[in-house]
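Some notes on the structure that comes next.
Set out below in structure tokens:
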């Protein structure tokens, strides 16, 4: 069987995890790599068994032997590269966040709309086995009606990978432009999990500070879902004197989802700060601990690649699609706006010609509705089984 030839653009630290999905893969291989640094490019070419190295990614995109492109560059570069890869008729998987603005996202979606190719944004957390199991439990009704989600993020000053400080320079520029390395770049993971597990988000409120003038922590973000009475929250904390036990980045996350009849805990992700089972489920009577779920963070990258290849083969739909990724981007942009303007932000207002007017009028209407809202009667409470 002829393999799908994939080209990598960008060979930073994260590319090692992207490469895992092609190891011993019978359907696809890393055929070519591209980076401006020849030493790095040749080293990765040899390590992964690729056939070609390109200093100019445009030459790689133009290579007719290449079927698909993975774009692993800073997000400000994504739009140009996606447009060029789409014009060349390639399947495309681009790192999250897909880009830095909704207008840019729309141009990317327009470019891929008319080509019969797979376009997806890689989001490894929704392919992380403990979170996939959490999704399965929620969808099966194991916790009843989902009500609330809490996310905890902690980063340390050391632990995990040795990373060249130069590789952080573009992230510093993103910070300067208001897109924090934690709440925007890493935040994509958290907002995507919030969407994946419990649905579309309606509005956000965010408080984002910086204890060291560099990292956008501490931060607290809360949100309300569109469907039903459901809420979520996330807190970001940077511990500048703490070592983080991790094989990857020096951070860890855990997730708590509470429903009308149970609770799910996902106890770790990037790191190993918390020991014990990766996932626990309280069913209203007892705790069930899932000890055997694969919980190495790298599994999410491998599984996301498998989804990309399966989508190219026509076996399954891509996750995250471009349109889904645009919604996650909208959440991240609304969070930035909320923190900067010190107010609750509706996601819909980002699509409006006059966001402030839209938000003001909607808020007035909701206040009036809240003032006129009446509580349930005793008979109604009994009917719903809330009281005896």
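Numbering (the working numbering), first residue to last: 41 to 428. Think of the CB as a built atom: it goes at the ideal place given N, C-alpha and C, for glycine as much as any other residue.
| Item | Value |
| --- | --- |
| Among 179, 381, 397 and 248, which residue has its Cα nearest to the Cα of residue 302? | 179 |
| Can you give me the C-alpha to C-alpha distance between residue 431 and residue 397, rounded to a whole angstrom? | Residue 431 is absent from the structure shown; the chain starts at 41 and stops at 428. |
| Secondary structure at residue 257, three-state DSSP: helix, strand or coil? | coil |
| What are the boundary residues of the alpha helix (DSSP H) that includes residue 173? | 169-179 |
| Between the segment 181-189 and the segment 262-270, can you find at least three pairs of beta-carbon atoms closer than 8 Å? | yes |
| May I have the straight-line CA-CA distance separating residue 399 from residue 100, to the nearest angstrom? | 46 Å |
| Can at least three beta-carbon pairs, one atom from the segment 132-151 and one from the segment 78-86, be found at a separation below 8 Å? | no |
| Straight-line CA distance for residue 19 to residue 370? | What the structure shows of the chain is the stretch from 41 to 428, and residue 19 is not part of that stretch, so it cannot be assessed. |
| Sort out for me which residues DSSP pairs residue 264 with in a bridge. | 243 and 271 |
| In this structure, how does DSSP classify residue 388 when only helix, strand and coil are distinguished? | helix |
| Looking at the unbroken alpha helix (DSSP H) that takes in residue 152, where does it start and where does it end? | 142-153 |
| Just curious, the beta strand (DSSP E) that residue 291 is in, first and last residue? | 291-299 |
| Can residue 357 and residue 351 be called in contact, C-beta distance under 8 Å? | yes |
| Return the CA-CA distance between residue 377 and residue 241, expressed in angstroms with no decimal places. | 15 Å |
| What are the start and end residues of each continuous alpha helix (DSSP H) run of 4 or more residues lying completely inside the segment 305-381, in chain order? | 339-353 and 362-381 |
| How would you label residue 61, buried or exposed, when you count the other beta carbons within 10 angstroms and need 16 or more for buried? | buried |
| Could you name each continuous beta strand (DSSP E) segment of 3 residues or more that falls completely within the segment 78-120, going from the start of the chain to the end? | 92-94 and 108-111 |
| Whose C-alpha, out of 199, 236, 254 and 203, is nearest the C-alpha of residue 223? | 254 |
| Express the C-alpha separation of residue 193 and residue 334 in angstroms, rounding to a whole number. | 20 Å |
| Hey, does residue 231 have any beta-carbon neighbour from chain D nearer than 8 Å? | Included in the structure is just one protein chain, with no chain D present. |
| Below 8 Å, can you find three or more Cβ-Cβ pairs linking the segment 41-48 to the segment 102-114? | yes |
| Applying the criterion that 16 or more other CB atoms from any shown protein chain within 10 Å of the CB defines a buried residue, is residue 292 buried or exposed? | buried |
| Excluding five sequence neighbours on each side, which residues of the same chain lie with their C-beta closer than 6 Å to the C-beta of residue 344? | 162, 164 and 167 |
| Cβ atoms of residue 114 and residue 372: under 8 Å apart, would you say? | no |
| Using the C-alpha atoms, what's the distance from residue 84 back to residue 73? | 8 Å |
| Can you tell me which of 329, 304 and 325 puts its alpha carbon nearest to the alpha carbon of residue 316? | 329 |
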